[in-house]
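What follows is a short report on a single structure.
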Amino acid sequence: MLLNALAALGHRGIKTVRTFGRAGLMLFNAVIGKPEFRKHAPLLVRQLYNVGVLSMLIIIVSGVFIGMVLGLQGYLVLTTYSAETSLGMLVALSLLRELGPVVAALLFAGRAGSALTAEIGLMRATEQLSSMEMMAVDPLRRVISPRFLGWRDFVAATDHYLCGGRYLGRLVGRRKLEGNRRRVLLVRDAECRRLAYGPGELSDKERGVRHYGNMDCVIQRL
């Protein structure tokens, strides 16, 4: 009984390792056996269109809403500390460094990956891959490699389209900061004049503005 359980466990482990080994070899052969660009240029261009261009719509829409949500929620949080002027930096850095590549890769894999899996599975079910092997055509070089190159070349490009959502975050932040823009500018002007001419040159109105916007001045210096 115990020996049968150990044998079944070992069989599953060997099968798992063998599956990962086959996947690694297929990936290695797809990278090494990439097709010649001149000979397969139409095929590569068609895969770039099917894999990348058709995935741009969902990525752009997602980037727009992510940028808007980051702008709105970031403004609500930053107003607690009177740090509204840091909203643009927050949206830009969060999209460019963190959310942009991750969300673009997930959306790309969800849309293009499922389509490619269904296409290759249908070709396998209808014995198209076996027909290629009988005609001395390498299915890996003909089917897998162009699609892999399309994935590799377009993931970076779609990341830039998703990062375009930072402009929507900038728009939301600009609308939110519209009422505070003049106060911030007056504070900056008052601080610059105080540093240039001394506190005695400031009028009572400017001193009031500077005192009211003291927290903004400190944050801008940081």
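Numbering (the UniProt record's numbering), first residue to last: 1 to 222.
We put the CB at the ideal spot given by N, CA and C, even for glycine.
DSSP on residue i, reduced to helix/strand/coil?
i	result
residue 197	Residue confidence is low: residue 197 scores 42 on pLDDT, short of 50, so the model does not pin down where it sits. No coordinate-derived value is stated.
residue 135	coil
residue 16	helix
residue 117	helix
residue 2	helix
residue 126	coil
residue 110	helix
residue 205	Note on residue 205: pLDDT 47, under 50, position unreliable in the model; the coordinate value appears next. Helix, per DSSP.
residue 83	coil
residue 52	coil
One question on the structure: do residue i and residue j come within less than 8 Å of each other, judged by their Cβ atoms?
i	j	result
residue 67	residue 95	yes
residue 54	residue 149	no
residue 74	residue 91	yes
residue 129	residue 29	no
residue 104	residue 60	no
residue 86	residue 78	yes
residue 137	residue 123	no
Could you say which of the options lies nearest to residue i if we only look at CA atoms?
i	options	result
residue 112	19, 8, 21, 56	56
residue 154	122, 120, 117, 107	107
residue 98	13, 70, 31, 135	70
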